[in-house]
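Just below is one structure, and these are the notes that go with it.
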Amino acid sequence: MFTRTDGEKLELPPFKSDTNIHLDSKTNLLDHGGQRSKVKASVTSLNLSYYDKVSHRCLIFNLTDEQGCDLSGLLCSRPSGLEQKVDSLSQLKVKGLVVGPIHVAPPDDAMSLRFEEMCIRDRSRPGPDPLHVTGAADHCGFWVFSRVLIGITERSSAEDVSSLLSSTHVDLLISRVLRGGDVDATERAQSVQFLYSNHSQTKLAWNLGGRVEGHLASLVGPALVKLHQLLLLTLPGTPVFNYGDEIGLMDEGTKFPKMLWDSNEGLNETLFFRSVSELRGKERSLMFGDFVLLSNSSSSLAYLRVWDQSTRYVAAFNWAAEEAAVLQLSDAALPRQAAVVISTNSSALPADSSVDLMNLYLGPGQAALLKFPYTG
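101 is the number of the first residue of the sequence shown in our numbering; add one for each residue after it.
And the structure:
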């Protein structure tokens, strides 16, 4: 139950009284007999959220109050509040925003979940209280009634994640399948292929890092941030980023560093992210296309995204820190030449240049997105 300052009550639809509710402490997932929640939740032991159901394969950002993001401003009609922040995110082509924590949930105690109570989390900041803002409900109708249930699990096995997707009835499941650090690229490729083969794209979510693990740049290193941005934004499904991942924000003594909303340096760092995100939002092959694995090794990966008669895209990656990779990409669907759309090293692979897919050279830590037309 939300109370506005004018006294009006806003109640979100509750669970059905006869629903069997079970919280798995190992996966942080709620099993409620197939009845999808009509509330948004994001807490320590249970993490369920919703986002714009219309844009099901969209880009999602995770934003919480511990992160110094000034949520009081997000709910206030002032220049430094919601409109300015959301405008910044819309320029990144973000279509979903997860804001939490919201409800009260004692750890590992499913029967004590209280979705009707707000979790204040020691709120003591000066300024307007974001929980009591006049007129907020009038502007949030779309977000209140259009939502998707998101679950979070700490499991990293593709088989485990697949089983949870099938059994829990969540719309999206954020997991540790990709993981940062020294993970064999072959294992990544096999995990992606397994999940893609067993589930609809609309059920797949891809992420690296989060509230527990920390930010992308701290997990993979600043030099590989763009490579992983390209990976997440070109895989089939929904990419999920933590706030600040678009600018390579580092965890400096805390996993909730203050967001650099107004930093000119930060804005410059979003150019690569924005370019790929914009492509993802308008190119059908990247939005809906089939996923075809072309090549993978312990340190390299390449795949094709293709949809009907739309432009085809090839994403290629080299995780090696010191060695270059020469990929020989051959498939009945591939031409001999492709054009560079964007790369993490524009000097080595400038945009619009032509490359030989049978002799694709990627320097250490380099990634590229290539394209070629449909020819019938």
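Glycine included, each C-beta is placed from N, C-alpha and C at the ideal position.
Predicted, not measured: the structure shown is a model, and the values here were computed from it.
Burial state of proline 435, where buried means 16 or more other Cβ atoms lie within 10 Å: Flag for proline 435 reads exposed.
Distance between tyrosine 403 and leucine 457 (C-alpha atoms, nearest Å): 12 Å
Inter-residue Cα distance where the pair is valine 340 and glycine 321: The alpha-carbon atoms of valine 340 and glycine 321 are separated by roughly 18 Å.
Residues near glutamine 293 by beta carbon distance below 7 Å, same chain, minus five either side: Leu393
Own chain, CB closer than 6 Å to aspartate 271, minus 5 neighbours either side, in chain order: Answer for aspartate 271: Val248 and Leu249, listed in chain order.
For proline 339, three-class secondary structure by DSSP: strand
Simplified DSSP assignment, three categories, for alanine 425: strand
Classification of glutamate 423 by the beta-carbon crowding that lies within 10 angstroms, buried from 16 upward: exposed
Boundaries (first-last residue) of the beta strand (DSSP E) holding alanine 289: Note, alanine 289: premise wrong, no beta strand (DSSP E); alpha helix (DSSP H) at 285 to 298.
Those runs of the beta strand (DSSP E) which lie wholly inside the region 395 to 420 and span at least 3 residues: 400 to 406 and 412 to 418
Residue from Ala258, Ile252 and Leu330 whose Cα sits closest to the Cα of tryptophan 419: Answer by Cα proximity: Leu330.
Segment contact, 8 Å Cβ cut-off, at least three pairs: the region 334 to 348 with the region 304 to 317: yes
Cβ-Cβ separation, valine 406 to tryptophan 470 (assumed contact under 8 Å), whole Å: For the sequence presented, residue 470 should be read as leucine rather than tryptophan. Not a contact, Cβ separation roughly 13 Å.
Other residues of its chain near alanine 467: CB distance less than 6 Å, five sequence neighbours each side excluded: Leu327, Leu330, Phe417 and Thr444
Close-in-space but distant-in-sequence residues of the same chain around threonine 286 (CB under 8 Å, 5 per side omitted): Asn396, Ser397 and Ser398
Residues bridged to serine 454 (per DSSP): Ala439
Option nearest aspartate 408 by Cα separation, candidates Tyr296, Glu383 and Leu401: Glu383
Simplified DSSP state of alanine 258, which is helix, strand or coil: helix
Threonine 338 classed as buried or exposed, judged by whether at least 16 other C-beta atoms fall within 10 angstroms: Threonine 338 comes out buried.
As assigned by DSSP and simplified to three states, the class of alanine 323: In the structure shown, alanine 323 sits in a helix (DSSP, three-state: H, G or I).
Classification of asparagine 307 by the beta-carbon crowding that lies within 10 angstroms, buried from 16 upward: Looking at its Cβ environment, which holds 16 or more other Cβ atoms inside 10 Å, asparagine 307 is buried.
Span of the beta strand (DSSP E), counted from its first residue to its last, around lysine 471: 467 to 472
Residue of Leu319, Leu278 and Arg412 minimising C-alpha distance to alanine 438: Arg412
CA-to-CA distance, alanine 289 to glutamate 346, given in whole angstroms: 23 Å
Through-space distance from serine 410 to tyrosine 474, alpha-carbon basis: 6 Å
9 Å Cβ cutoff met for leucine 278 and leucine 264: No, Cβ-Cβ distance for leucine 278 and leucine 264 is not below 9 Å.
Closest by C-alpha distance to alanine 432, when choosing among Gly476, Gly251 and Thr302: Gly476
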